[in-house]
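Participant:
Residue numbers (the UniProt record's numbering): 1 to 377.
#1: Going by Cα to Cα distance, which pick from 360, 49 and 6 is closest to residue 23?
#2: Apply the 10 Å Cβ neighbour rule to residue 11 and answer buried if 16 or more other Cβ atoms are within range, or exposed otherwise.
#3: With 16 other CB atoms within 10 Å as the buried threshold, where does residue 191 fall?
#4: If you measure between the beta carbons of residue 46 and residue 89, is that distance less than 8 Å?
#5: Identify whether residue 314 lies in helix, strand or coil by the three-state DSSP scheme.
#6: Please identify the residue among 87, 197, 198 and 174 whose C-alpha is closest to the C-alpha of residue 316.
#7: Mind reading off the beta-carbon distance from residue 91 to residue 167? Whole number of angstroms is fine, and I expect it under 8 Å.
#8: Might you give, ordered along the chain, the residues of its own chain that have their beta carbon closer than 7 Å to the beta carbon of residue 27, omitting 5 neighbours on each side?
#9: Given a threshold of 16 other Cβ atoms within 10 Å of its Cβ, counted over all protein chains shown, does residue 260 qualify as buried or as exposed?
#10: Does the segment 357-364 come within contact of the segment 320-333, defined as at least 3 CB pairs closer than 8 Å?
#11: List, from N- to C-terminal side, the alpha helix (DSSP H) runs of 4 residues or more that fit wholly inside the segment 24-73.
#12: How would you call residue 292, buried or exposed, if buried means at least 16 neighbouring beta carbons within 10 angstroms?
#13: Reducing DSSP to helix, strand and coil, say where residue 153 ends up.
#14: Using the three-state DSSP reduction, which class does residue 288 fall into: helix, strand or coil?
#15: Under a Cβ-count criterion, where at least 16 other Cβ atoms within 10 Å of its own Cβ denotes burial, should residue 30 be classed as buried or exposed?
#16: Quick one: give me the first and last residue of the alpha helix (DSSP H) that residue 218 is part of.
#17: Have a look at 122, 70, 225 and 199 and flag the residue whose alpha-carbon is nearest the alpha-carbon of residue 159.
#18: Leaving out five residues on either side along the sequence, give the residues of the same chain with a beta carbon under 7 Å from the beta carbon of residue 282.
#19: Between which two residues does the alpha helix (DSSP H) holding residue 107 run?
#20: Run through the DSSP bridge pairs and tell me what residue 20 is partnered with.
#21: Let me know if residue 302 comes out buried or exposed under the rule of 16 or more other beta-carbons within 10 Å of its beta-carbon.
#22: Going by C-alpha distance, which of 212, 273, 235 and 141 is nearest residue 307?
#23: Alpha carbon to alpha carbon, what distance is there between residue 101 and residue 286?
#24: Please state whether DSSP places residue 354 in a helix, a strand or coil.
#25: In whole angstroms, what is the alpha-carbon distance linking residue 109 and residue 193?
#26: For residue 181, does the three-state DSSP call read helix, strand or coil?
#27: Just the Cα atoms here: how many angstroms apart are residue 421 and residue 341?
#28: Taking only three categories from DSSP, how would you classify residue 146?
#29: Going by beta-carbon coordinates alone, are residue 289 and residue 304 separated by less than 8 Å?
#30: Might you give, ordered along the chain, the residues of its own chain that have their beta carbon closer than 8 Å to the beta carbon of residue 262, omitting 5 neighbours on each side?
#31: Over what stretch of residues does the alpha helix (DSSP H) that includes residue 210 continue unbroken?
#32: Count the other CB atoms, across all protein chains shown, that sit within 10 Å of the CB of residue 182; report buried if there are 16 or more and exposed otherwise.
#33: What residue from 94, 37, 118 and 93 has the CA that sits closest to residue 77's CA?
#34: Using the Cβ count rule (16 or more neighbours within 10 Å means buried), how would you classify residue 17?
So, in structure tokens, the structure goes:
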């Protein structure tokens, strides 16, 4: 009965991986997709990885192996490589320039080193099968098991390190959004964080599975893997839709240190800001820094640098400050307008977003502010 359940679950996993491997290899991209070059490479890499996972599961079903082998070298390799793969595949969506062959090789090299060392050690001392915790404790100081224990510890540290890399990528991505859009597009990329932390949870699950094996937990773990692989694949192939909206943010720009940010006769911040305030350009819905830079006839990075230097905030915060100040003026001078009308007048398409931005700027919601000032909402 147990064997039939395992066979059914593993077969489902194999089929799921192979189907998405084909999808990743054959997935069509827009003709003009230079910005998606890194994404295209990641699709091919995922296709190879999914095929490899399916092959490894198929091999494990085809050969006779012990039902229980704690700290299995094969499982350690699969878990470690999967962690790197999914982390890098998600980071590349937030920062395409971050992941290079050299960078990837740096993360894979320790795994290759462990495998080479273990192969040499196993040739001399054998490859012991560890069926339970008692056997693990008994063999814990033998050279092959010591290597496996070190590999397991490396995997634990790796999970933490990859999480730090991902968190930094998210922070830098959010910062880039705030420096470009007046309204953040974080909602469109939320699935990336969900996918990463789901993968991290599977990794932590796997850490304990390698030490405390149970048939029931093995089935639960495999089912979770199936759900994750399918969900990850479905989300990943929808990325090009989001990329169209965030491509300008991910496009390489000249760093502030490489350009002149000094206020001079050509770019007087007082004049540029005065033009924005006079025309109330900040109230345009969906305005971004590139649109404003073209309107002011300055470079995007120059404008961003001037805002950061002279206003002490990023583009998003500066626009919010101007919009909320305008909203307060309208509330004071035109109390007959509803909050919904005022939100549109200052550039917000959704009243709920206006309310969030108003509270972030003033500390209270628009309704609370009106009550405090005795204005009808």
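Where a beta carbon is used, it is the ideal one built from N, C-alpha and C, also for glycine. Here the structure is a predicted model, which means the values were calculated and not measured.
Facilitator: From the atom records:
#1: By 1-based counting over the chain shown, the position of residue 23 is 23. Closest by alpha carbon: 49.
#2: On the chain shown, residue 11 is found 11 positions in, with the first residue counted as 1. Exposed, by the Cβ-count rule.
#3: Counting from 1 along the chain shown, the entry for residue 191 is found at position 191. Counting the other CB atoms within 10 Å of its CB gives residue 191 a total of 16 or more, which places it among the buried residues.
#4: Here residue 46 refers to the residue found at position 46 of the chain shown. Here residue 89 refers to the residue found at position 89 of the chain shown. Taking 8 Å as the Cβ cut-off, residue 46 and residue 89 qualify as a contacting pair.
#5: By one-based count along the chain shown, residue 314 stands at place 314. Correct three-state label for residue 314: coil.
#6: Residue numbering aside, residue 316 sits at position 316 when the chain shown is read from its first letter. Comparing Cα-Cα distances from residue 316 to each of 87, 197, 198 and 174, the minimum goes to 174.
#7: Here the question's residue 91 lines up with position 91 in the chain shown. Here the question's residue 167 lines up with position 167 in the chain shown. Residue 91 to residue 167, Cβ: 10 Å. No contact.
#8: What you label residue 27 is simply residue 27 of the chain shown in a count that begins at 1. Cβ neighbours of residue 27 within its own chain (closer than 7 Å, five residues either side excluded): 43 and 237.
#9: On the chain shown, position 260 is the one that residue 260 refers to. Because residue 260 sits at a pLDDT of 46, beneath the cut-off of 50, its placement in the model cannot be relied upon, and the following sentence gives the value as read from the coordinates. The residue in question, residue 260, is exposed, as its Cβ has fewer than 16 Cβ neighbours within 10 Å.
#10: Yes: the two stretches touch, three or more of their Cβ pairs being nearer than 8 Å.
#11: List check, alpha helix (DSSP H) in window: 37-62.
#12: On the chain shown, position 292 is the one that residue 292 refers to. Buried, by the Cβ-count rule.
#13: Here residue 153 refers to the residue found at position 153 when the chain shown is read from its first residue. Helix at residue 153.
#14: The count along the chain shown starts at 1 and reaches residue 288 at position 288. For residue 288, the secondary structure class from DSSP, reduced to helix, strand or coil, is strand.
#15: The sequence position of residue 30 within the chain shown is 30, counting from 1. That one is exposed.
#16: Position 218 of the chain shown, counting from 1, holds the residue named residue 218. Start and end: 215-236.
#17: Counted from its first residue, the chain shown places residue 159 at position 159. Per the Cα distances, 199.
#18: Locating residue 282 in the chain shown gives position 282, counting from the first residue. So the qualifying residues of the chain are 276, 319, 322, 323 and 347.
#19: What you label residue 107 is simply residue 107 of the chain shown in a count that begins at 1. Residues 101-125.
#20: Along the chain shown, one-based indexing puts residue 20 at 20. Beta-bridge pairing links residue 20 to no other residue.
#21: For this step, residue 302 is matched to residue 302 along the chain shown. In summary, residue 302 is buried, with 16 or more beta-carbon neighbours lying within 10 Å of its beta-carbon over all protein chains present.
#22: Your numbering for residue 307 matches position 307 in the chain shown. The shortest Cα separation from residue 307 among 212, 273, 235 and 141 belongs to 273.
#23: Locating residue 286 in the chain shown gives position 286, where the first residue counts as 1. Locating residue 101 in the chain shown gives position 101, where the first residue counts as 1. So the alpha carbons of these two residues sit roughly 37 Å apart.
#24: In the chain shown, residue 354 corresponds to position 354, counting from 1. The answer is helix: DSSP assigns residue 354 an H, G or I state.
#25: Here residue 109 corresponds to residue number 109 of the chain shown, with the count starting at 1. Here residue 193 corresponds to residue number 193 of the chain shown, with the count starting at 1. Note on geometry: alpha-carbon atoms of residue 109 and residue 193 lie some 26 Å from one another.
#26: On the chain shown, position 181 is the one that residue 181 refers to. DSSP places residue 181 in strand when its eight states are reduced to three.
#27: Examination of residue 421 is not possible in this model, given that the chain is present from 1 through 377 alone.
#28: For the purposes of this step, residue 146 is taken as the residue at position 146 of the chain shown. Residue state, collapsed to three classes: helix.
#29: Sequence index remark: in the chain shown, residue 289 carries index 289 (1-based). Sequence index remark: in the chain shown, residue 304 carries index 304 (1-based). Yes.
#30: Counting from 1 along the chain shown, the entry for residue 262 is found at position 262. Because residue 262 sits at a pLDDT of 48, beneath the cut-off of 50, its placement in the model cannot be relied upon, and the following sentence gives the value as read from the coordinates. Within the same chain, residue 262 has no close Cβ partners at all.
#31: Within the chain shown, residue 210 is the residue found at index 210, counting from 1. No alpha helix (DSSP H) contains residue 210, which DSSP labels as neither H nor E.
#32: Counted from its first residue, the chain shown places residue 182 at position 182. Buried, since its Cβ has 16 or more Cβ neighbours within 10 Å.
#33: Translated into positions along the chain shown, residue 77 becomes position 77. Ranking the options by Cα distance to residue 77, first place goes to 118.
#34: For the purposes of this step, residue 17 is taken as the residue at position 17 of the chain shown. Label assigned to residue 17: buried.
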